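Reading through the structure tokens given below for one structure.
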Amino acid sequence: MTAVQATGLGKRYGRRWALSDCTLSIPSGRVVGLVGPNGAGKTTLLHLASGLIEPTSGQIDVLGDQPGSAPDALARVGFLAQESPVYARLTVAQHLQMGRWLNPAWDDGFAARRLDELDLDPRRRAGTLSGGQRAQLALTLAVAKRPELLLLDEPVASLDPLARRDFLSTLMEVVATREVSIVLSSHLIADLERVCDYLVVLVAGRVALVGDVEELLAAHCRLSGPRRDAADLPAGQIVIEASHVDRQSTLIVRTDGPVLDPAWSVTPLTLEDLVLAYLRRARDDGAERSSDALAVSR
């Protein structure tokens, strides 16, 4: 079963398309990193997948169902927004009580154990907790729901490095002990590299790159060698990014086989190298289109 299947998916706010013609398939049982610049459509995609909003065009299925179509569909999906929303006036214990009332598959034992491990006093009001503690409480509530799919929208963006590491460690414990698919949106690629095995890159509301992390890294490399025109590369080597100095060219390419030209020095990419190359490519393509449109208007 696929966790998320989108076909021609679009969401428009007024005249602006936050997501446009988005087609992708996310397999179940994976930890998916969702990456893209601000305004790329990451939050919109997660809101559509959680059933919080409806698409303007296209189709999205989550775990084989239309998001939010029935109580059973809602119960199978957990969602944690960027602000790690909790109710400031409620105590930690009252949050657990609310989760117990609202979720038929609620795991009270897990929630109690997690709060004990986190040393969270059940009597404390959520408004008195630190940012990291609120994030951990929100994650505990989302996981104790026992979802099959957990959607996380920038959950560590406002946390300090230690709180962020603690949060990700908790997330990895969840992955190791429960059968759950996770989609994690973040700008912090180093964090994604620690936990994710599948990648989706969104740019300007469209999918720029998607696939298994290991396979994507194996299919890309950096080439350095004597300066040459990128158009002269053999078929099967697609240039994602190119830079040149007087006598040297450096290219990031996607290739369907080994690079056999001995003139090139071939080095592997990190996940951050890969993501940034696609983001810069999209930025440069967008700037070129804007320049062309301006020239036509003149």
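According to my numbering, the sequence shown is numbered sequentially starting from 2. Don't be surprised by glycine CBs; every beta carbon is placed ideally from N, CA and C. Computed from a predicted model, the values in this text were never measured in an experiment.
Taking a C-beta distance under 8 Å as the contact criterion, Ser182 and Gly30 qualify as a contact pair. Linking Arg124 to Val93 through their CA atoms gives a straight-line distance of about 6 Å.
Taken atom to atom, the span from the alpha-carbon of His188 to that of Ser159 is near 11 Å. Just measuring C-alpha positions, the residue of Arg90, Glu118 and Gly206 sitting nearest Ala41 is Gly206. Here the alpha carbon of Cys222 sits roughly 6 Å from the alpha carbon of Ile253.
Rounded to whole angstroms, the gap between the alpha carbons of Leu20 and Thr178 is 34 Å. Between the alpha carbons of Ala113 and Leu203 lies a distance of about 37 Å. Shown here for Arg229: same chain residues with a beta carbon closer than 6 Å to its own, the five before and five after excluded, namely Ser250 in chain order. The C-alpha of Ala278 lies about 31 Å from the C-alpha of Met2. Take the alpha-carbon of Ser244 and the one of Gly258: they are about 22 Å apart.
CA-CA distance, Ala127 to Arg90, rounds to 6 Å. Leu75 counts as buried, since no fewer than 16 other beta carbons sit within 10 angstroms of its beta carbon. The C-alpha of Gly37 is placed about 27 Å away from the C-alpha of Leu142. Closest option to Val196, judged by alpha-carbon separation, among Gly237, Arg166, Ala209 and Phe80: Arg166. In this chain, Asp120 is not harboured by any alpha helix (DSSP H), its DSSP state being neither H nor E. If only complete runs of 4 or more residues are kept, the segment 122 to 182 shows the alpha helix (DSSP H) at 132 to 145 and 162 to 178, in order along the chain. When DSSP states are grouped into helix, strand and coil, His48 belongs to the helix group.
Annotation: Val214 to Gly79 spans about 24 Å, alpha carbon to alpha carbon. In this structure, the CA atom of Leu53 is about 49 Å from the CA atom of Val246. Pairing Gly34 with Thr24, the inter-Cα distance amounts to about 16 Å.
Buried is the label assigned to Gly11, since at least 16 other Cβ atoms lie within 10 Å of its Cβ.
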